[in-house]
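K.L.:
Attaching a single structure in structure tokens format; questions to follow.
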Ligand code: F0G
């Protein structure tokens, strides 16, 4: 067998496939696939600080990339076929200003700003890996369903590299303008489906299979290989120390799955000595994982999850015609494709799942903005989750916590402006209608006439 292969995640099945096969599920049992490595026959580094030598090689594109500078930990592609547009130049901020808000005392909260990627979200980490695999397999068209960020990322890789044509499926009216504008500007074929993300996901799977188009949603196991590097960069920024907690918003559950895989592999390779705990935070309006894991006790169970619990839940959703609905449109998803992988990650990382209300996410988002580089609503679910978990005593007040801020602040200006506005009608339309009662951390614009005296008076009054 090859050093690198694809493998069904179900231990009872464990079917393997060639690394150059294009598939998003196991042919034998329908399960999700991993990219697996025979590490004994590869050359992973002996220590994580080995990667520091790459810092002096920044003139080489693959050492500059925040994804490929860790390529020895995702060695599935020959160097000459690796694609990069300079993704992964992100940073970890020690956000001291947030301690009070989340209730940490001696502890630390760090924010991992994945919005600094070329398309403005963490997706570029995974997209560059899937795109590389697509290129390896000779694909000429790549497709995804998206709540906006995956599509922006795919569209960007296509427009910059010209290696493929992007076909994106989005739910009509379900995507913020920041993200839609990217897909249009980058020239993707944009298919607006009368439905939501879950409908678009269902359709894109059918269409890509029928037309032989390469699918880059996070069911694609190569996506998750790229997203492992978010954790490598977190460790790098912490000088290779493992934090106590990783906290991440949950939508399609690709990140949480990738993070779990990253830590399990690092531990197996002897590169870390302990695995951090994982907290996945849903929005209340799209809380499938919370419902299944926290409320109904669904567990990975060593690879034998009781999926009838999930099937019953999905049947309930259908019977009640319940649709995902949240201001955090990025995670407005009721049928997360990586559910099983996420359950595995939660088991491997002694994980917990919580849900954040619209109010909690918007307040947390305002606090991130007031103390750092800002983020979009879905990303702030992570900070809202930390606040809850500290209040519950699950996260200790002196622990070190890393929140993944998945998307840039500019992705969704509508939500931000509505939060800070003085226009009650606008507030009600965008946020009040979703149960947000007040904007406790609003920074309201001061309206003045076009009059020098009046302007000066206002500045003196408010500054
Ligand atoms: N945060 C942002 C900003 C996202 O765009 C997404 C997913 C998530 C969190 C959830 O991440 O799927 O790994 O649990 N956005 C996808 C998209 C679904 O189409 O852009 P996950």
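In my numbering, the protein residues as written are 33 to 495.
Backbone N, C-alpha and C define an ideal beta-carbon position, used for all residues, glycine too.
Would you decide whether residue 218 is buried or exposed? Buried here means 16 or more other CB atoms lie within 10 Å of its CB.
P.N.:
Classification of residue 218: buried, given that the 10 Å Cβ count is 16 or more.
K.L.:
Among 394, 201, 360, which one has its Cα closest to the Cα of residue 19?
P.N.:
Residue 19 lies beyond the residue range present for the chain, which begins at 33 and ends at 495; the question has no answer from this structure.
K.L.:
Skipping 5 residues on each side, what residues in its chain have a beta carbon closer than 6 Å to that of residue 192?
P.N.:
These residues qualify, in order along the chain: 117.
K.L.:
Check whether the region 429 to 439 touches the region 461 to 477, counting contact only when three or more Cβ pairs, one atom from each stretch, lie closer than 8 Å.
P.N.:
No contact exists between the region 429 to 439 and the region 461 to 477.
K.L.:
At a cut of 8 Å, does the region 224 to 232 reach the region 356 to 366 through at least three beta carbon pairs?
P.N.:
Touching, yes, given that three or more Cβ pairs across the two stretches are closer than 8 Å.
K.L.:
Are residue 475 and residue 440 closer than 8 Å when you measure CB to CB?
P.N.:
Result no, Cβ atoms of residue 475 and residue 440 do not sit closer than 8 Å.
K.L.:
From the DSSP output, in three-state form, read off residue 461 for me.
P.N.:
Helix at residue 461.
K.L.:
Count Cβ pairs between the region 384 to 391 and the region 300 to 316 that sit closer than 8 Å; are there 3 or more?
P.N.:
The answer is yes - the region 300 to 316 touches the region 384 to 391, with three or more Cβ pairs under 8 Å.
K.L.:
Going by DSSP, what residue range makes up the alpha helix (DSSP H) through residue 265?
P.N.:
Run containing residue 265: 253 to 269, per the alpha helix (DSSP H) assignment.
K.L.:
Closer than 8 Å is the cut-off here; do at least three beta carbon pairs connect the region 133 to 147 with the region 169 to 186?
P.N.:
No: the two stretches stay apart, fewer than three of their Cβ pairs being nearer than 8 Å.
K.L.:
Closer than 7 Å to a non-hydrogen atom of the ligand F0G - does that hold for the CB of residue 281?
P.N.:
Result yes, Cβ under 7 Å from the ligand F0G.
K.L.:
Could you pull out every residue in the same chain whose Cβ sits closer than 8 Å to the Cβ of residue 494, ignoring the five residues on either side in sequence?
P.N.:
Result list for residue 494: 478, in chain order.
K.L.:
In the DSSP assignment, find the alpha helix (DSSP H) that holds residue 99 and state where it starts and stops.
P.N.:
No alpha helix (DSSP H) contains residue 99, which DSSP labels as neither H nor E.
K.L.:
Between the Cα of residue 84 and those of 424, 142, 492, 270, spot the shortest distance and give me the residue it belongs to.
P.N.:
Out of 424, 142, 492, 270, 270 has the C-alpha closest to the C-alpha of residue 84.
K.L.:
In three-state DSSP terms, what is residue 45?
P.N.:
Of the three classes helix, strand and coil, the one that applies to residue 45 here is coil, per DSSP.
K.L.:
May I have the straight-line CA-CA distance separating residue 104 from residue 41, to the nearest angstrom?
P.N.:
Computed Cα separation, rounded: 22 Å.
K.L.:
Can you tell me which of 336, 342, 360, 361 puts its alpha carbon nearest to the alpha carbon of residue 45?
P.N.:
Among 336, 342, 360, 361, the Cα nearest to that of residue 45 is on 336.
K.L.:
How do the region 271 to 291 and the region 53 to 60 stand: do at least 3 beta-carbon pairs fall below 8 Å, yes or no?
P.N.:
No: the two stretches stay apart, fewer than three of their Cβ pairs being nearer than 8 Å.
K.L.:
From which residue to which residue does the beta strand (DSSP E) around residue 387 run?
P.N.:
Per DSSP, residue 387 belongs to the beta strand (DSSP E) from 384 to 388.
K.L.:
Counting Cβ pairs closer than 8 Å, one from the region 124 to 139 and one from the region 260 to 274, do we hit at least three?
P.N.:
Result yes; three or more Cβ-Cβ pairs closer than 8 Å.
K.L.:
Name the DSSP bridge partner or partners of residue 342?
P.N.:
Answer is none; residue 342 lacks a bridge partner.
K.L.:
Check this for me: beta carbons of residue 215 and residue 184, under 8 Å apart or not?
P.N.:
A contact, by the Cβ cut-off of 8 Å.
K.L.:
Taking only the alpha-carbon atoms, compute the straight-line gap between residue 89 and residue 96 and give it to the nearest angstrom.
P.N.:
The straight-line gap from Cα to Cα measures roughly 7 Å.
K.L.:
Whose C-beta lies closer than 8 Å to the C-beta of residue 8 among residues of the same chain, with five residues either side of it excluded?
P.N.:
Because the chain spans 33 through 495 in this model, residue 8 falls outside it and cannot be assessed.
K.L.:
Would a C-beta distance cut-off of 8 Å place residue 462 and residue 472 closer than the cut-off?
P.N.:
No.
K.L.:
Quick one: using the 10 Å Cβ neighbour count with 16 as the cut-off for buried, is residue 295 buried or exposed?
P.N.:
When all chains shown are included, residue 295 counts as buried.
K.L.:
Any idea what DSSP makes of residue 397, helix, strand or coil?
P.N.:
Here residue 397 sits in helix by DSSP.
K.L.:
Take residue 288 and list the residues in its own chain whose beta-carbon comes closer than 7 Å to its own, dropping the five residues that flank it on each side.
P.N.:
Around residue 288: 280, 282, 310, 312, 374, 377.
K.L.:
Alpha carbons only, please: which of 165, 486, 142, 132 is nearest the one belonging to residue 196?
P.N.:
Checking every option, the nearest Cα to that of residue 196 belongs to 165.
K.L.:
Comparing alpha-carbon positions, which option in 448, 235, 491 lies nearest residue 208?
P.N.:
Among 448, 235, 491, the Cα nearest to that of residue 208 is on 448.
K.L.:
Could you check if residue 200 belongs to the surroundings of the ligand F0G, using beta carbon to heavy atom distance under 7 Å?
P.N.:
No; taking the cut-off as 7 Å, the Cβ of residue 200 has no heavy atom of the ligand F0G nearer than that.
K.L.:
Excluding the 5 residues flanking residue 223 on each side, which residues of the same chain have their C-beta closer than 6 Å to its C-beta?
P.N.:
Excluding residues within five positions, the ones whose Cβ falls inside 6 Å are 201.
K.L.:
Closest by CA to residue 264, which one among 328, 101, 361, 334?
P.N.:
Selected option, being the one with the closest Cα: 101.
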